[in-house]
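Trainee:
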Amino acid sequence: MPIKIQDDLPAKSILEDEHIFIMTQTRALSQDIRPLKIIILNLMPTKIETETQILRRLSNTPLQIDITLLQTSTHQAAHVSGEHMLAFYQTFDEVKDENYDGMIITGAPVEMMEYEEVEYWDELCRIFEWTKTHVHSTFHICWGAQAALYYHYGIPKYKLKEKMSGVFLHTMVDSRVRLFRGFDDVFYAPHSRNTEVRAEDIAKVDKLRIMSTSEEAGVYVVGTEDNTQFFVMGHSEYDVDTLAKEYKRDLDKGLNPEIPKHYFPDDDPAREPIMTWAAHSQWIYSNWINYYVYQTTPYELKNGVFMPA
Numbered sequence: 005m006p007i008k009i010q011d012d013l014p015a016k017s018i019l020e021d022e023h024i025f026i027m028t029q030t031r032a033l034s035q036d037i038r039p040l041k042i043i044i045l046n047l048m049p050t051k052i053e054t055e056t057q058i059l060r061r062l063s064n065t066p067l068q069i070d071i072t073l074l075q076t077s078t079h080q081a082a083h084v085s086g087e088h089m090l091a092f093y094q095t096f097d098e099v100k101d102e103n104y105d106g107m108i109i110t111g112a113p114v115e116m117m118e119y120e121e122v123e124y125w126d127e128l129c130r131i132f133e134w135t136k137t138h139v140h141s142t143f144h145i146c147w148g149a150q151a152a153l154y155y156h157y158g159i160p161k162y163k164l165k166e167k168m169s170g171v172f173l174h175t176m177v178d179s180r181v182r183l184f185r186g187f188d189d190v191f192y193a194p195h196s197r198n199t200e201v202r203a204e205d206i207a208k209v210d211k212l213r214i215m216s217t218s219e220e221a222g223v224y225v226v227g228t229e230d231n232t233q234f235f236v237m238g239h240s241e242y243d244v245d246t247l248a249k250e251y252k253r254d255l256d257k258g259l260n261p262e263i264p265k266h267y268f269p270d271d272d273p274a275r276e277p278i279m280t281w282a283a284h285s286q287w288i289y290s291n292w293i294n295y296y297v298y299q300t301t302p303y304e305l306k307n308g309v310f311m312p313a
């Protein structure tokens, strides 16, 4: 699939080196087709790394995807240049009158705070509400998933005794769900979080269904009955070395972190980790794009109220 991005986005050269088909805005103008409009709210501090990870996962269908990167205006990114944010990101006020086929909302390193204490919480609530009328299907990741479950359905989060960090085995609640098309009966996915949502709280909400779980990591994927919202508690988009970088970062901060589980061979941080979740990661994004965005979104995204098909 050609991903349509700005000509000089840093992720472009990385993805091209991996032989991923990137279509710049200049080339896309020559094609007379309507691409899927996908907007990504990137709340992670490692903006460029996260951009690249998600764009890589959107790269395995024959569809053309037009990417918009979104930032909060009530929080200034500290780990990437202001020039990068100005050049490649838009604010909510700049896009709020637009309609999108799909949206991805990332995690954020604020999970130890109460939701209402987060600097950009009010703005995020506006965005959550906006997705209900301007986005056909929204894919939430980690803290973004927990925050959305809290905003939309009142699902609380709980602090864990120790950080859930590692690569864990998962199963599907219903293997016939199209989000899991092509999956093995069991599959691996990384988690990196200090909080959790619990199955018993989700079960109280009729509109929600638990789609995948892990004996060790708990609830993994939650979806709505109408498929307009998906909530993924892990980080299937992570690169093979992302957990290692986070582990070293926490060591350098003197946090005495636990070694990520089932990640380093023989639990030895001196050894290179092995990628065990790439296929799952590619499938979950491709299936979301195909079955819950492309197959059901209207051909014309008209101005005004956007009602999912």
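With my numbering applied, the sequence shown corresponds to residues 5 to 313, in that order. Note that the Cβ used here is the ideal one computed from N, Cα and C, for glycine as well. It should be emphasised that the depicted structure is a prediction, and the values quoted were computed from it without experimental measurement.
Can you say whether residue 211 is buried or exposed, counting buried as having 16 or more other CB atoms within 10 angstroms of its CB?
Mentor: Residue numbering aside, residue 211 sits at position 207 when the sequence shown is read from its first letter. It counts as exposed.
Trainee: Can you list, in chain order, the residues of its chain whose CB lies under 8 Å from that of residue 278, leaving out five sequence neighbours each side?
Mentor: Reading the sequence shown from its first residue, position 274 is the one you call residue 278. 244 and 269, listed in sequence order.
Trainee: Residues bridged to residue 163 by DSSP?
Mentor: By one-based count along the sequence shown, residue 163 stands at place 159. The partner list for residue 163 (beta bridge, DSSP) reads 199.
Trainee: Does the structure place the region 39 to 46 close enough to the region 63 to 81 that three or more beta carbon pairs sit under 8 Å?
Mentor: Short answer: they touch.
Trainee: Decide yes or no for the touch test of the region 153 to 173 against the region 182 to 201: beta carbon pairs closer than 8 Å, at least 3 of them.
Mentor: Result yes; three or more Cβ-Cβ pairs closer than 8 Å.
Trainee: In angstroms with no decimal places, state the Cα-to-Cα distance between residue 125 and residue 110.
Mentor: Stepping through the sequence shown from its first residue, residue 125 is reached at position 121. Stepping through the sequence shown from its first residue, residue 110 is reached at position 106. Taking the straight line from one Cα to the other gives about 14 Å.
Trainee: Buried or exposed: where does residue 257 fall if 16 or more other Cβ atoms within 10 Å of its Cβ makes it buried?
Mentor: Position 253 of the sequence shown, counting from 1, holds the residue named residue 257. Counting Cβ neighbours within 10 Å, residue 257 comes out exposed, since fewer than 16 surround it.
Trainee: Please report how far the alpha carbon of residue 179 lies from the alpha carbon of residue 154, in whole angstroms.
Mentor: Residue numbering aside, residue 179 sits at position 175 when the sequence shown is read from its first letter. Residue numbering aside, residue 154 sits at position 150 when the sequence shown is read from its first letter. Answer to the nearest angstrom: the Cα atoms are 27 Å apart.
Trainee: Could you compute how far the alpha carbon of residue 295 sits from the alpha carbon of residue 194?
Mentor: Here residue 295 is taken as the residue at index 291 of the sequence shown, counted from 1. Here residue 194 is taken as the residue at index 190 of the sequence shown, counted from 1. Their Cα atoms are separated by approximately 24 Å.
Trainee: Under 8 Å between the Cβ atoms of residue 61 and residue 241?
Mentor: As a position in the sequence shown, residue 61 is number 57, starting the count at 1. As a position in the sequence shown, residue 241 is number 237, starting the count at 1. Contact: yes.
Trainee: According to the Cβ coordinates, are residue 140 and residue 101 closer than 8 Å?
Mentor: Locating residue 140 in the sequence shown gives position 136, counting from the first residue. Locating residue 101 in the sequence shown gives position 97, counting from the first residue. In this structure, residue 101 does not lie closer than 8 Å to residue 140 by Cβ.
Trainee: Kindly indicate which three-state DSSP category residue 304 falls into: helix, strand or coil?
Mentor: Residue 304 sits at position 300 when you count from the first residue of the sequence shown. Coil at residue 304, not helix or strand.
Trainee: According to DSSP, simplified to helix, strand and coil, what is residue 238?
Mentor: Taking the sequence shown and counting its residues from 1, the one referred to as residue 238 is at position 234. In the structure shown, residue 238 sits in coil (DSSP, three-state: anything other than H, G, I, E or B).
Trainee: Let's see if you can read the secondary structure: which residues bound the beta strand (DSSP E) around residue 182?
Mentor: The sequence position of residue 182 within the sequence shown is 178, counting from 1. Counting along the chain, residue 182 falls outside any beta strand (DSSP E), and DSSP gives it neither H nor E.
Trainee: Can you tell me whether residue 31 is buried or exposed? The criterion is at least 16 other CB atoms within 10 Å of its CB, across all chains shown.
Mentor: Locating residue 31 in the sequence shown gives position 27, counting from the first residue. Confidence at residue 31 is low in this model, with a pLDDT of 49, below 50, so the placement of that residue is unreliable and no value is reported for it.
Trainee: For residue 232, report the span of its alpha helix (DSSP H) as first-last.
Mentor: Taking the sequence shown and counting its residues from 1, one reaches residue 232 at position 228. First-last for residue 232: undefined, no H or E at that position.
Trainee: Kindly identify the DSSP beta-bridge partner or partners of residue 193.
Mentor: For the purposes of this step, residue 193 is taken as the residue at position 189 of the sequence shown. According to DSSP, which records beta bridges pairwise, residue 193 is partnered with 172.
Trainee: Please tell me whether residue 145 and residue 108 are closer than 8 Å, where the distance is taken between their beta carbons.
Mentor: The count along the sequence shown starts at 1 and reaches residue 145 at position 141. The count along the sequence shown starts at 1 and reaches residue 108 at position 104. Their beta carbons are under 8 Å apart, which means residue 145 touches residue 108 by this criterion.
Trainee: Could you tell me which of 297, 121 and 264 sits nearest to residue 143, measuring between CA atoms?
Mentor: Numbered from its first residue, the sequence shown carries residue 143 at position 139. Minimum Cα distance to residue 143 is reached at 297.
Trainee: Nearest CA to the CA of residue 292: which residue from 92, 225 and 54?
Mentor: Against the sequence shown, residue 292 aligns to sequence position 288. Residue 225 is the option with its Cα nearest to residue 292.
Trainee: Residues in its own chain within less than 6 Å of residue 33 by CB, not counting five upstream and five downstream?
Mentor: For this step, residue 33 is matched to residue 29 along the sequence shown. Residue confidence is low: residue 33 scores 47 on pLDDT, short of 50, so the model does not pin down where it sits. Its coordinate-derived value is still stated next. So the list is empty, once near-sequence residues are dropped.
Trainee: Going by beta carbon distance, what residues of the same chain come within less than 6 Å of residue 233, once the five residues before and after it are set aside?
Mentor: By one-based count along the sequence shown, residue 233 stands at place 229. Taken in chain order, the residues that qualify are 142.
Trainee: Between which two residues does the alpha helix (DSSP H) containing residue 2 stretch?
Mentor: The structure shown does not extend to residue 2, since the chain is modelled only from 5 to 313, so the question has no answer here.
Trainee: Among the residues of its own chain, which have a CB less than 7 Å from the CB of residue 113, if the five just before and after it don't count?
Mentor: Stepping through the sequence shown from its first residue, residue 113 is reached at position 109. Once the five neighbours on either side are set aside, the close Cβ partners of residue 113 are 49.
Trainee: By Cβ distance, which residues of its chain are closer than 7 Å to residue 218, with the 5 residues on each side in sequence left out?
Mentor: Sequence index remark: in the sequence shown, residue 218 carries index 214 (1-based). Contacts found: 172, 173, 174 and 224.
Trainee: Assuming the contact rule is C-beta atoms closer than 8 Å, residue 72 and residue 94 should be a hit. Round their C-beta distance to whole Å, please.
Mentor: Against the sequence shown, residue 72 aligns to sequence position 68. Against the sequence shown, residue 94 aligns to sequence position 90. With a Cβ gap of about 6 Å, residue 72 and residue 94 count as contacting.
Trainee: Roughly how many angstroms lie between the CA atoms of residue 129 and residue 167, to the nearest whole one?
Mentor: Counting from one through the sequence shown, the residue named residue 129 turns up at place 125. Counting from one through the sequence shown, the residue named residue 167 turns up at place 163. Spanning the two alpha carbons is a distance of roughly 26 Å.
Trainee: Over the uninterrupted alpha helix (DSSP H) stretch that includes residue 253, give me the two end residues.
Mentor: What you label residue 253 is simply residue 249 of the sequence shown in a count that begins at 1. Counting along the chain, the alpha helix (DSSP H) containing residue 253 begins and ends at 246 to 256.
Trainee: Exposed or buried, residue 176, counting other C-beta atoms within 10 Å across all chains shown (16 or more means buried)?
Mentor: For the purposes of this step, residue 176 is taken as the residue at position 172 of the sequence shown. Result: buried.
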